[in-house]
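Engineer: Chains H and E, in that order, give the protein sequences. The numbering used here numbers the first residue of the first sequence as 1 and each following residue consecutively. The numbering used here numbers the first residue of the second sequence as 1001 and each following residue consecutively.
Number of protein chains: 2
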Amino acid sequence: MTARGSGPLGVFDSGLGGLTVVRALRLALPSEPIIYLGDTARVPYGTRSAETVVRYARGCARLLIDRGIKALVVACNTVSAVALELLRAELDLPVIGVVEPGARTAVRAVEGQLGGTRVPRIGVLGTAGTVASGAYPRAVAQISTRYEVVALAAPLLVPLVEEGWLEGEVPRLVVRRYVEPLIDAGASVLVLGCTHYPLLGHLIAEEAERLAGRPIPVVDSAAATADAVREWTLEDRIPTAPEGIAGLELLVTDRPQTFAAVASRFLGEDVPEVSLVDLSPG
Amino acid sequence: MTARGSGPLGVFDSGLGGLTVVRALRLALPSEPIIYLGDTARVPYGTRSAETVVRYARGCARLLIDRGIKALVVACNTVSAVALELLRAELDLPVIGVVEPGARTAVRAVEGQLGGTRVPRIGVLGTAGTVASGAYPRAVAQISTRYEVVALAAPLLVPLVEEGWLEGEVPRLVVRRYVEPLIDAGASVLVLGCTHYPLLGHLIAEEAERLAGRPIPVVDSAAATADAVREWTLEDRIPTAPEGIAGLELLVTDRPQTFAAVASRFLGEDVPEVSLVDLSPG
């Protein structure tokens, strides 16, 4: 292990959504200090090309590494989908993404359903970038070649969450539009392939159950990712911090006040001061 | 006038929407060559802070000026709302935005309605950034202090347009959510304060008429802005190009193929090759 053992865990996302991962990390590893970066000046990443996402991800990682983190948690599905292998190759520290843990949880969920007349399928809702990357089918295939993945881009879910429009006819109809083709295609578990989606998780579960005629498990990668980080600490792949309740530092690239105002909705705790940082290269 | 007389008109927006302004310019001034820049790597601007929008706008303007434009058309309501005066002060060429021309058209529309029992109000739908800036109330007040402006942020309209979801129950309900408070507040004209919105203009007009019980004029700034540019050429504030059908050059900062695929929907003509440019500073 490097001398980074005493640094915080670094977590980043394009915006707010990754705070659901921070929340899960603080439950799983309460004594680990965390520094979170939301790239709110360039959010969303999910509609951008892989080349641009890679460029933005490198900038976020560099800023956190300059602050002395001991491990990097990529709390963004789009970055995890298109840039994780590259970040792992380039960076000299442990890097964990959200796609692999989510895929593992989904496989466990469908394994529990075996015994019916046909092999269950794994449905994935994600951003255009995540779906185009094929990252979920790849991650599932690395765990088991038994299960087919059907993935669908759901571009209106992020704006609905950011607008805070989480109840009522419009969110329900939008969710239905995206869930219906997955259930029709035989999905018997749904992976929320974007850190914003858990805030619409109740509607997604309700619509899926209504359409399928039975409960459909809905996988939120946040908890699975926190479990993966804890496993890595238990395996000494990430050094652990001393016991105690650890601090949380929040950084954004734009609009710290707006971020602070809505962050508690994601984080489930009071939000510390949010600092503005500059990610412009050069 | 400067030696820039032979250069093209430079037009920029955060993404695709400004192409509606390009379309109007090509109808109004067919012999003017145009170079268009869509900052698709950082779209949308409407949710960002004024400081960030100013920084992005400077970068776009600099790139177009380096290409020898003779005048700059800011085809983005958010930039026009928060950065136009600053661009005018900093840049040594004519700069036209979309807010002033739209406000002028709206005032003309309500003037035509005078004579009723109360003074008509001007309703504006825009991005969070445009509404927060107060640019429309300011622009209207400069024309006449007689009219009050009610402005509302409509953050889901851009994602609906970018998704191409322009018909059916969901777009109608979303439009209704934003139009209803404006009609309730007494708006008797609606300004589409974002270049994306004209693609939902039919639904906005239908819902406004249904709610108001009479037709409500809907102002699209694109034509008004093209008229303003033509006026400036007639007044020799912008030098004119020789007669003939002029070229159109399209630049974007991300995903040129995606841009090309949907641009014709905005532009109303076949789209020339789209080039990728880099706006990273430094």
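Glycine included, C-beta positions come from ideal geometry on N, C-alpha and C.
Which of the three DSSP states, helix, strand or coil, is assigned to A1151 (chain E)?
Structural biologist: Reading the second sequence from its first residue, position 151 is the one you call residue 1151 (chain E). Reduced to three states, the DSSP call for A1151 (chain E) is strand.
Engineer: Assuming the contact rule is C-beta atoms closer than 8 angstroms, V1189 (chain E) and P1120 (chain E) should be a hit. Round their C-beta distance to whole Å, please.
Structural biologist: As a first step, residue 1189 (chain E) is located in the second sequence; it is residue number 189 there, counting from the start. As a first step, residue 1120 (chain E) is located in the second sequence; it is residue number 120 there, counting from the start. Going by Cβ atoms, the distance from V1189 (chain E) to P1120 (chain E) rounds to 7 angstroms, so yes, they are a contact pair.
Engineer: Compute the distance between the beta-carbons of G1046 (chain E) and V1219 (chain E), then report whether it is under 7 angstroms.
Structural biologist: To locate residue 1046 (chain E), count along the second sequence from 1; it is residue 46. To locate residue 1219 (chain E), count along the second sequence from 1; it is residue 219. Cβ distance not < 7 angstroms, so G1046 (chain E) and V1219 (chain E) don't count as in contact.
Engineer: Please determine if the stretch 1157 to 1172 of chain E and the stretch 1086 to 1094 of chain E are in contact, where contact requires at least 3 C-beta pairs separated by less than 8 angstroms.
Structural biologist: At 8 angstroms Cβ cutoff, the stretches do not touch.
Engineer: Looking at A57 (chain H): is its Cβ nearer than 7 angstroms to the Cβ of A83 (chain H)?
Structural biologist: If you number the first sequence from 1, residue 57 (chain H) lands on position 57. If you number the first sequence from 1, residue 83 (chain H) lands on position 83. Against a cut-off of 7 angstroms, the Cβ pair of A83 (chain H) and A57 (chain H) comes out as a contact.
Engineer: List, in chain order, every chain H residue whose beta-carbon is nearer than 7 angstroms to that of I1254 (chain E).
Structural biologist: Residue mapping note: residue 1254 (chain E) aligns to position 254 of the second sequence, counting from 1. Before going further, note that residue 1254 (chain E) is Asp rather than Ile in the sequence given. Here the neighbours are R48, S49 and T52.
Engineer: Tell me the rounded alpha-carbon separation between T1253 (chain E) and V1079 (chain E).
Structural biologist: Position 253 of the second sequence, counted from the start, is the residue given in the question as residue 1253 (chain E). Position 79 of the second sequence, counted from the start, is the residue given in the question as residue 1079 (chain E). Going by the C-alpha atoms only, they are around 17 angstroms apart.
Engineer: Give me the residue from E:T1127, E:H1202 and E:G1068 with the minimum Cα distance to R982 (chain E).
Structural biologist: Coverage of chain E is limited to positions 1001 through 1282, which leaves residue 982 (chain E) absent and any answer about it impossible.
Engineer: Would DSSP call A75 (chain H) helix, strand or coil?
Structural biologist: Locating residue 75 (chain H) in the first sequence gives position 75, counting from the first residue. If DSSP states are grouped into helix, strand and coil, A75 (chain H) belongs with coil.
Engineer: What's the C-alpha gap between L125 (chain H) and E1051 (chain E)?
Structural biologist: Taking the first sequence and counting its residues from 1, the one referred to as residue 125 (chain H) is at position 125. Taking the second sequence and counting its residues from 1, the one referred to as residue 1051 (chain E) is at position 51. So the two alpha carbons sit approximately 34 angstroms from each other.
Engineer: From the beta carbon of A1154 (chain E), is the nearest beta carbon of chain H less than 7 angstroms away?
Structural biologist: If you number the second sequence from 1, residue 1154 (chain E) lands on position 154. By this cut-off, A1154 (chain E) is not an interface position.
Engineer: Using DSSP with H/G/I as helix, E/B as strand and the rest coil, what is L1182 (chain E)?
Structural biologist: For the purposes of this step, residue 1182 (chain E) is identified with residue 182 of the second sequence, where counting begins at 1. In this structure, L1182 (chain E) counts as helix in the three-state DSSP scheme.
Engineer: With H, G and I counted as helix, E and B as strand and the rest as coil, what does DSSP make of G1046 (chain E)?
Structural biologist: Counting from one through the second sequence, the residue named residue 1046 (chain E) turns up at place 46. Three-state DSSP puts G1046 (chain E) in coil, outside helix and strand.
Engineer: Against chain C, which members of the stretch 1016 to 1027 of chain E pass a CB distance test of less than 7 angstroms?
Structural biologist: Among the chains of the structure shown, chain C does not appear; the protein chains present are H and E.
Engineer: Measure how close the beta-carbons of P1033 (chain E) and S1014 (chain E) come, nearest whole angstrom, since I'm counting them as under 8 angstroms.
Structural biologist: Within the second sequence, the letter at position 33 stands for residue 1033 (chain E). Within the second sequence, the letter at position 14 stands for residue 1014 (chain E). P1033 (chain E) to S1014 (chain E), Cβ: 23 angstroms. No contact.
Engineer: What residue from E:P1155, E:G1097 and E:L1160 has the CA that sits closest to A154 (chain H)'s CA?
Structural biologist: As a working note, residue 154 (chain H) is residue 154 in the first sequence. The shortest C-alpha separation from A154 (chain H) is found at E:L1160.
Engineer: Whole beta strand (DSSP E) runs in the stretch 58 to 145 of chain H with 3 or more residues, listed along the chain?
Structural biologist: Runs of the beta strand (DSSP E) inside the stretch 58 to 145 of chain H: 71 to 74 and 121 to 126.
Engineer: Would you mind telling me which residues of chain E sit closer than 8 angstroms to P181 (chain H), beta carbon to beta carbon, in chain order?
Structural biologist: What you label residue 181 (chain H) is simply residue 181 of the first sequence in a count that begins at 1. In chain order: nothing, as chain E lies at least about 15 angstroms away.
Engineer: Can you pull the chain E neighbours of L173 (chain H), defined as C-beta to C-beta under 8 angstroms?
Structural biologist: Along the first sequence, read from residue 1 onward, the residue named residue 173 (chain H) stands at position 173. Simply E1169, V1170 and L1173.
Engineer: Along chain E, which residues have their Cβ under 8 angstroms away from the Cβ of R42 (chain H)?
Structural biologist: Locating residue 42 (chain H) in the first sequence gives position 42, counting from the first residue. Within 8 angstroms Cβ-Cβ: A1041 and R1042.
Engineer: Where does T1002 (chain E) sit, in a helix, a strand or coil, going by DSSP?
Structural biologist: The residue given as residue 1002 (chain E) occupies position 2 in the second sequence. In this prediction, T1002 (chain E) scores a pLDDT of 40, lower than 50, which makes its location untrustworthy; the coordinate-derived value is nonetheless stated afterwards. Note: T1002 (chain E) maps to coil in three-state DSSP.
Engineer: Beta-carbon within less than 7 angstroms of D227 (chain H)'s beta-carbon, same chain only, minus the 5 sequence neighbours each way: which residues are those?
Structural biologist: Within the first sequence, numbered from 1, the residue matching residue 227 (chain H) stands at position 227. Within the same chain, D227 (chain H) has close Cβ partners A28 and P101.
Engineer: Say whether chain E places a C-beta atom closer than 7 angstroms to the C-beta of E207 (chain H).
Structural biologist: Along the first sequence, one-based indexing puts residue 207 (chain H) at 207. Not an interface residue.
Engineer: Can you list, in chain order, the stretches of the alpha helix (DSSP H) that have 4 or more residues and sit fully within the stretch 1231 to 1266 of chain E?
Structural biologist: List check, alpha helix (DSSP H) in window: nothing returned.
Engineer: Residues of chain H with a CB under 8 angstroms from the CB of E1249 (chain E): which are they?
Structural biologist: To locate residue 1249 (chain E), count along the second sequence from 1; it is residue 249. By Cβ distance, chain H contributes nothing, its closest Cβ being about 21 angstroms from E1249 (chain E), past 8 angstroms.
Engineer: Grab the span of the alpha helix (DSSP H) containing A187 (chain H) for me, first residue to last.
Structural biologist: Here residue 187 (chain H) refers to the residue found at position 187 of the first sequence. Where A187 (chain H) is concerned, there is no enclosing alpha helix (DSSP H), although the beta strand (DSSP E) it sits in stretches over A187 to G193.
Engineer: Check whether chain H comes within 7 angstroms of A1003 (chain E), counting only Cβ atoms and requiring the distance to be less than that.
Structural biologist: Position 3 of the second sequence holds residue 1003 (chain E). Here A1003 (chain E) scores only 42 on pLDDT, less than 50, and its place in the model is too uncertain to base an answer on.
Engineer: Taking only three categories from DSSP, how would you classify G282 (chain H)?
Structural biologist: The sequence position of residue 282 (chain H) within the first sequence is 282, counting from 1. For G282 (chain H), the pLDDT reaches just 36, beneath the cut-off of 50, and the residue's location in the model is therefore unreliable, leaving the point undetermined.
Engineer: Please classify P8 (chain H) as buried or exposed, where buried requires at least 16 neighbouring CB atoms within 10 angstroms.
Structural biologist: Residue 8 (chain H) sits at position 8 when you count from the first residue of the first sequence. It is buried - the Cβ of P8 (chain H) has at least 16 other Cβ atoms within 10 Å.
Engineer: Just tell me which of E:V1140, E:L1200, E:I1238 and E:V1262 has its CA closest to the CA of R1176 (chain E).
Structural biologist: Stepping through the second sequence from its first residue, residue 1176 (chain E) is reached at position 176. Considering only alpha carbons, the answer is E:L1200.
Engineer: Beta-carbon of E163 (chain H) versus every beta-carbon of chain E: anything under 7 angstroms?
Structural biologist: For this step, residue 163 (chain H) is matched to residue 163 along the first sequence. Closer than 7 angstroms: yes.
Engineer: When the Cα atoms are used, what is the spatial distance from A1260 (chain E) to E1273 (chain E)?
Structural biologist: For the purposes of this step, residue 1260 (chain E) is identified with residue 260 of the second sequence, where counting begins at 1. For the purposes of this step, residue 1273 (chain E) is identified with residue 273 of the second sequence, where counting begins at 1. The alpha-carbon atoms of A1260 (chain E) and E1273 (chain E) are separated by roughly 7 angstroms.
Engineer: CB S49 (chain H) to CB G244 (chain H), shorter than 7 angstroms?
Structural biologist: Within the first sequence, the letter at position 49 stands for residue 49 (chain H). Within the first sequence, the letter at position 244 stands for residue 244 (chain H). No.
Engineer: Return the CA-CA distance between M1 (chain H) and D39 (chain H), expressed in angstroms with no decimal places.
Structural biologist: Taking the first sequence and counting its residues from 1, one reaches residue 1 (chain H) at position 1. Taking the first sequence and counting its residues from 1, one reaches residue 39 (chain H) at position 39. Summary for M1 (chain H): the model assigns pLDDT 41, below 50, so the residue's position carries little reliability, and this model does not support an answer.
Engineer: If you count every other CB in all the chains shown that lies within 10 Å of the CB of L1234 (chain E), and 16 or more means buried, which is it?
Structural biologist: On the second sequence, residue 1234 (chain E) is found 234 positions in, with the first residue counted as 1. The residue is exposed, with fewer than 16 neighbouring Cβ atoms inside 10 Å.
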